[in-house]
Amino acid sequence: MSEVLVPRQFRGPPVTANGGYICGVMANAVGGKGTAMLRAGVLVDQPHKLGHGEDGEAFLTNAEGQLVATAKPLAEGAIPEPPAPPSLEDARRFAATSPFAAKSLHRGCFSCCIEREDGEGLGVFVGQIEGAPAGHCAGVWRPHANFADADGRMPDEITWGALDCSGSMAWYIKTGTPVGLLGTMSGEVLEKPKAGEDYIVLAWAREVDGRKYFSGVALFDAAGKVMAKSGQIWIGRPPMAAQPVKAETAAK
Numbered sequence: 523m524s525e526v527l528v529p530r531q532f533r534g535p536p537v538t539a540n541g542g543y544i545c546g547v548m549a550n551a552v553g554g555k556g557t558a559m560l561r562a563g564v565l566v567d568q569p570h571k572l573g574h575g576e577d578g579e580a581f582l583t584n585a586e587g588q589l590v591a592t593a594k595p596l597a598e599g600a601i602p603e604p605p606a607p608p609s610l611e612d613a614r615r616f617a618a619t620s621p622f623a624a625k626s627l628h629r630g631c632f633s634c635c636i637e638r639e640d641g642e643g644l645g646v647f648v649g650q651i652e653g654a655p656a657g658h659c660a661g662v663w664r665p666h667a668n669f670a671d672a673d674g675r676m677p678d679e680i681t682w683g684a685l686d687c688s689g690s691m692a693w694y695i696k697t698g699t700p701v702g703l704l705g706t707m708s709g710e711v712l713e714k715p716k717a718g719e720d721y722i723v724l725a726w727a728r729e730v731d732g733r734k735y736f737s738g739v740a741l742f743d744a745a746g747k748v749m750a751k752s753g754q755i756w757i758g759r760p761p762m763a764a765q766p767v768k769a770e771t772a773a774k
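Count the sequence shown with my numbering and you get residues 523 to 774, in order.
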């Protein structure tokens, strides 16, 4: 077994790891492309044990031995094919209309918080694409050099983090309320993004099955080439849970 410790910088909720980031860590443990399932919060600044089963799956346990995350190699069909992206200029324009351009979906989150300092978080958010079905959204991500490797490229777990919250935003924009927490994320980085370049983030709400909300999120370069893509399952709130403030109210 090896040890995994997620620094607080990479949090989602205040004391647990950003879902996309830890899913990327888990996918790295099965070869770089795979499906990760989050079973409990992965506490930041706390050591966890990463192990492997005989079937090639990876598993993560906390200090008490609780299973908190698993991953398996990517299965065929686990990632939906993304629609064609808008231009970079249009993606920037659509993002500017997003309720999350004024206030973060999750304050403090590594993936989407816009109140973080430049280079301390990713600040990714998306807005509705004009003329597209509700919940088809786009935005722009410029990777910061603070996260780059020696070649100026993004490690895969950073790119997975950039793909995370936009899948939830797509459902929020479609329905007016958040859908809950990331449960499962399948992903593949086809080409590592470069620091300082602008990329198109495309997110779309797919279908619902009970409390499971399915999303797709993909990353494109300015010429429209796919750099990374993912399929996500978000777990909605129980039927009796209190209703959160609607997106348009939260943006004011």
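Ideal Cβ positions, reconstructed from N, Cα and C, are used throughout, including at glycine.
Here the structure is a predicted model, which is why all the values come from computation and not from measurement.
Inside the segment 645-707, DSSP marks whole beta strand (DSSP E) runs of 3 or more residues at positions 658-663, from first to last along the chain. Between V711 and G554, the gap from beta carbon to beta carbon is short of 8 Å.
As the crow flies, the alpha-carbon of T699 is around 15 Å from that of E729.
Non-local C-beta neighbours of A660 in its own chain, meaning closer than 6 Å and more than five positions away in sequence, comprise P608, A613, F616, V648, I651 and L724, ordered along the chain.
Taking a C-beta distance under 8 Å as the contact criterion, C545 and H628 do not qualify as a contact pair. Secondary structure of G709 (DSSP, three-state): strand.
If you look at V547, you'll find it in the alpha helix (DSSP H) that goes G541 to N550. For Q588, the secondary structure class from DSSP, reduced to helix, strand or coil, is coil. Per DSSP, the continuous alpha helix (DSSP H) segment holding E611 begins and ends at L610 to A618. Taking C-alpha positions only, G653 is separated from G758 by approximately 27 Å. Looking at T697, K751 and N584, the one whose alpha-carbon comes closest to that of A539 is N584. In this chain, the beta strand (DSSP E) harbouring L741 covers K734 to F742.
Distance from the Cα of G732 is smallest, within the candidate group F632, C631 and W756, for W756. Judged by DSSP in its simplified three-state form, Q531 adopts helix. Per the Cβ contact rule, the segment 561-568 is in contact with the segment 581-599 (3 or more Cβ pairs under 8 Å). In this structure A667 is in contact with A717, their Cβ atoms being roughly 4 Å apart against a cut-off of 8 Å.
Between Q531 and F632 a beta carbon distance of about 7 Å is seen, short of the 8 Å cut, so the two are scored as contacting. In chain order, K571, L572 and G573 place their CB closer than 8 Å to the CB of M523, counting only its own chain and leaving out the 5 sequence neighbours on each side. V552 has its alpha-carbon roughly 33 Å from the corresponding atom of L610. For L596, same chain residues with a beta-carbon under 7 Å away, outside a window of 5 residues either side, are K555, G556, T557, S708 and E710 in chain order. Taking the C-beta atoms as reference points, K625 is found no nearer than 8 Å to G657. The secondary-structure analysis by DSSP pairs V526 across a beta bridge with H570. Short of 7 Å from the beta carbon of M691, and not among the five residues preceding or following it, lie these beta carbons of its own chain, in chain order: F622, L627, F647, V648, C659 and A725. Per the coordinates, the alpha-carbon of R638 lies some 22 Å from the alpha-carbon of V547. Here P655 has no same chain residue with a Cβ atom under 7 Å from its own Cβ, once five neighbours each way along the sequence are excluded.
Residue burial is scored here from C-beta neighbours: D673 has fewer than 16 other C-beta atoms within 10 angstroms and is therefore classed as exposed.
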